[in-house]
Structures are given as C-alpha cells and as structure tokens.
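What follows is a single structure, written as structure tokens, with notes after it.
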Amino acid sequence: MHIGIKIKQLRISQGLTQQEFADKLFISYQSVSNWERQKRHPTAEMMLTMIETFNLPLDFFIMAHDKAYDNEEDLILSAFLTNMSHNLDEIPTLKSIQKVSGISIHRIKAYFPSFDDIIYAFINKIDQSIKTQVADSLATNKPVLDTFIDDMAPMLYQKKDALHILYTRPYIRGVWTQFIRSKYKYLLVQYNRDNQTDALRTEYLIETLMAFISVWMSQEIPEPLSEFQSRIRQLTGSRISIWLS
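Residue numbers (numbering that gives the first Met the number 0): 0 to 244.
Structure (structure tokens):
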C-alpha cells in the first residue's frame, strides 16, 4: 500500500478534513493533498511527526513485502549502514547503496519509494527490540532509572556500532533524536503517573536520559557497558536518583 493511501486512511479514521489534518501537523493542506494523490512524499521527520501526533506504532508506514524478499530489504538497509560508516558528512546515495548491496536502483525503489523511506525503515529496525523491552519494564512499575541502566543500556550497547553512526552523522542525527524524544516521552507518560501530571518534569527527565545516551554513543569508541552503568549510578546520586525514579 502506497504511503499516500495510508495517510488518507489515517486522516479519514480520525474524522478530519485535509485542512484539519494539516493543522495538527502545522503544515499546509496542499502538502496533505499531494501526499494522498501520491504526487509528493512525506519526509522521514514528517512520518515520525505523524506517528507521534496520532500515537501510531513506529512501523505504521513500513511497506509490506513478500517474505521471500526480506533478505533483499535487509541487504539494502545493511548497505545503507555500511555507506554511513564510511562517510561522516555526506548522506549515502542510491547509487552507493546499489554498489554495496548489489541490488539495482530500480529494485531499491520498489522497497523504498523515497530516500526518506530508507531512513525511516532503518530507524525502525534499530529500535524495534529496545522499545518493546523498555515498555515491558516500565509496565511493571520498575523505576525509570533502573529500567534505563539495567534494561535499556545493555540493548543500546549491543547496537553500539549503528547507534554511534546515528549520533555522529549530521544528516540523520536530527531524525533519530526526534524519534527518541517522542517515543520514549510517550512511554514515560504512559507508565508513570507523575509524568502524566507534571509535563515539565517529563521534559527534564527525557532530556537527561537522552543526554546520557548521546554522550555515550558519540564517543569514538563507546565505553564498555559496565563502565557506563557504573558512571551513571555515580552521576545520579541519591537526590537525582529519586527524581529520575
């Protein structure tokens, strides 16, 4: 299903006109019209904004493909990662992805109609298991800081190579941090009553945790997991620890 069709179905399901839908996203109704008529394509940032605004699952805009071709899709995303690892400042091109993956540009576009779709799918792939585990831990009323140190940090470390790229490549960092801020803010509010009633507290909390991750994963070689966990426990003394719980 084309993304434009999904956007139209989403808008209708919300009972909104194109103008009302656009107002919620702070854009023009012409943009919505162009998406729905498949004349334009939303950026990765805008897809994530829609997910946040309408509380959608992260994979809402992922295009469904035949299982037989899953390997090709993985190869494309792997080639995207490889290209980013070799280039700090310039975003990969379809040609460079084709060269690494061995998949034609025509086939790449069959999976990902726009380049923003590749970025969106890559972010979704990186975060799939992390978000699920964090949600499960918070659902048991486990303190936020304990969830961050004990559950989230080990999964981040397992994906440190990809996360290091996400935090150090200027052409994707903003999209990634937008996603982190919106989805984990939603989880903190959903599973913690204090965060439901104190919006400013939530903002401070999410920015603090994001800063920890950003500094850790932006290092040329992220420090070992045990050292990071120990460092965070030391930095979050008793007063901060209570506030973060």
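A virtual CB, placed ideally from N, CA and C, is assigned to each residue, including glycine.
The DSSP-derived three-state label of F227 is helix. Secondary structure within the segment 167-192: the alpha helix (DSSP H) runs of 4 or more consecutive residues, fully enclosed, are 169-190 (chain order).
For N33, the enclosing alpha helix (DSSP H) begins and ends at 28-35. In the displayed model, D88 falls within coil according to three-state DSSP, outside both helix and strand. At a Cβ-Cβ threshold of 9 Å, T201 and L144 do not count as neighbours. If you draw a straight line from the Cα of Q29 to the Cα of M45, it is about 14 Å long. Around the beta carbon of E89, fewer than 16 other beta carbons lie within 10 angstroms, which makes this residue exposed. Going by DSSP, F211 is part of the alpha helix (DSSP H) stretching over 198-217. Per DSSP, the unbroken alpha helix (DSSP H) holding H105 starts and ends at 104-110.
The residue from V188, L155, T196 with its alpha-carbon nearest to that of S217 is L155. A straight line joining the alpha-carbon of T42 with that of M209 spans about 23 Å. Between N123 and the set L24, P142, L55, the nearest pair of CA atoms involves L55.
Cα atoms of F111 and I117: separation of roughly 6 Å, rounded to the nearest angstrom. Taking C-beta atoms under 8 Å as the contact rule, V31 and Q17 qualify, at a distance of about 5 Å. Annotated three-state conformation of R39 is coil, per DSSP.
Taken atom to atom, the span from the alpha-carbon of Q97 to that of Y170 is near 19 Å.
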